[in-house]
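Just so you know, we're using UniProt numbering here: the sequence shown kicks off at 1 and counts up by one. For each residue, glycine too, the CB sits at the ideal point set by N, CA and C.
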Amino acid sequence: MLRQLRQDAGITRKSAAEWLEIGEPTLSKIELGRQSIKGPHVRLLCQLYDVDASTVDTLLRMAREANQRGWWTAYRDTVPSWFRHYVGLESDAADIWAYEAEFVPGLLQTSEYIKAITRASRPEISDEELDREVAVRRERQARLDNEQPPHLHLIINEAVVWRQVGGPKVMQEQTEHMLHASRLDHVSLRVLPFSAGAHAAMTGSFILIRFPDEDTPAFVYVENDRGGVYQENPGDIERYTLIREQLAALAHTEDDTRALLEQLVSP
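Okay, structure coming up:
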């Protein structure tokens, strides 16, 4: 509806995005229903498009309803707003390409592994809060069992498989789970060996997400201890695509990765 109103008003997406002071790819996702929009932004767009009061009320109601959708809204007390936004986008992804330097990727983590890394970074967390953290991760992982799951292309630093997170028993279970996942048709799991030396992703982990429709731009997600950063400019996408290609050239093959995991499972 917002896209039709913009087109009827003869306003380009670029101009509307500048009016809201957001990126054009972000506005594209809003118009396609891939991203929620807050009330003040609805009012600003309606002002720009010269929309009547009745339509404004309808759009505000639709925005409120959209912000309540999704399983993740039940975890508002657990999942920060910046990460809820990512989870919503992840749930629509067709391809998820990730490099992880320190942890097993979230979509492949076992419950005990989640608990171990969460307690290490947040020792003050209560048992109830920890259980909700695990529940959130499990909800995200559930999509991998859908009839049309996203394609996962994962490269992990070799240190990830050797680090004894939670102790030998936890890592044994986690490694077995990764080995099982690596055999799924929609999952590609590869280890970047220590022998690869210096590489283009030494600054840290990142995720590149693409959607099934070409109208929704891809984006790169980079997380730090203060929140998540979304990079949507074509130049950023191209740069991370090149990094992805370099990592793929350096990483073990899928078969060699499985051989390493099998070795760790049965030393």
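Smallest Cα separation from Ala94: which of Leu264, Arg210, Ile237, Tyr221? Arg210
Worksheet item: Taking all protein chains shown into account, do 16 or more other C-beta atoms lie within 10 angstroms of the C-beta of Glu133, making it buried, or fewer, making it exposed?
Response: buried
Pick out whichever of Ala251, Thr175, Gly235 has its Cα sitting closest to the Cα of Gly197. Ala251
Subject >> CB-CB length for Val161 against Thr175, believed under 8 Å >> reply: 7 Å
Own chain partners of Val56 with C-beta closer than 6 Å, once the 5 adjacent residues on each side are dropped: Cys46
Relative to the C-alpha of Ser195, which candidate in Gly166, Ala159, Ile207, Met178 has its C-alpha closest? Ala159
Worksheet item: Run through DSSP, which three-state label would Pro237 get?
Response: For clarity, residue 237 is Ile in the given sequence; the question names Pro instead. Here Ile237 sits in helix by DSSP.
Query raised in the report: If you compare alpha carbons, which of Pro105, Ile37, Leu60 is closest to His177?
Result: Pro105
* Asked: Buried or exposed: Leu242, going by 16 or more other Cβ atoms within 10 Å of its Cβ?
  -> exposed
Let me know the alpha helix (DSSP H) ranges lying completely inside the segment 7-61, each 4 residues or longer, listed in chain order. 13-20, 24-31, 39-49
With DSSP as the reference, identify every bridge partner of Trp97, one or two as the case may be. His153, Leu208
Margin query: For Arg163, tell me which candidate among Ala53, Ser28, Phe103, Pro80 has the shortest Cα-Cα distance.
Written below: Phe103
Practice task
Spatial neighbours of Lys29 within its chain, please: CB distance less than 8 Å, with the 5 preceding and 5 following residues excluded, ordered by chain position.
Solution key: Gln35, Leu89, Thr216, Pro217
Length of the line joining the Cα atoms of Arg226 and Glu31
28 Å
| query | Gly167 lies in the alpha helix (DSSP H); which residues open and close that run? | reply | That residue, Gly167, is in no alpha helix (DSSP H); it is neither H nor E in DSSP.
Original post:
DSSP on Gly197, reduced to helix/strand/coil?
Top reply: coil
- Task: Kindly indicate the opening and closing residues of the alpha helix (DSSP H) around Arg84.
- Result: 81-90
Going straight from the alpha carbon of Ala249 to that of Asp131, what length do you get?
39 Å
Margin query: Only counting the same chain, and skipping five residues up and downstream in sequence, which positions put a Cβ closer than 6 Å to that of Leu154?
Written below: Ala98, Pro105, Leu189
With a 10 Å radius around its C-beta and 16 neighbouring C-beta atoms as the bar for buried, classify Glu263 as buried or exposed.
Correcting the residue identity first, residue 263 is Gln in this sequence and not Glu. Its Cβ having fewer than 16 others within 10 Å, Gln263 is exposed.
Counterpart residues of Gly228 in DSSP-defined beta bridges = Glu223
Practice task
Give me whichever residues DSSP pairs with Ser188 in a beta bridge.
Solution key: His153
Would Tyr230 and Tyr240 qualify as a contact pair, given that the criterion is a beta-carbon distance under 7 Å? no
Shortest alpha-carbon distance to Pro168 belongs to which of Val265, Ile37, Ala101, Lys14? Val265
Cβ distance (whole Å) where residue 276 is taken to contact Ala63 below 8 Å: Residue 276 lies beyond the range of the chain shown here (1 to 267); nothing can be said about it.
Relative to the C-alpha of His180, which candidate in Leu247, Leu48, Glu254 has its C-alpha closest?
Glu254
Q) Which of helix, strand or coil does DSSP assign to Glu124? A) coil
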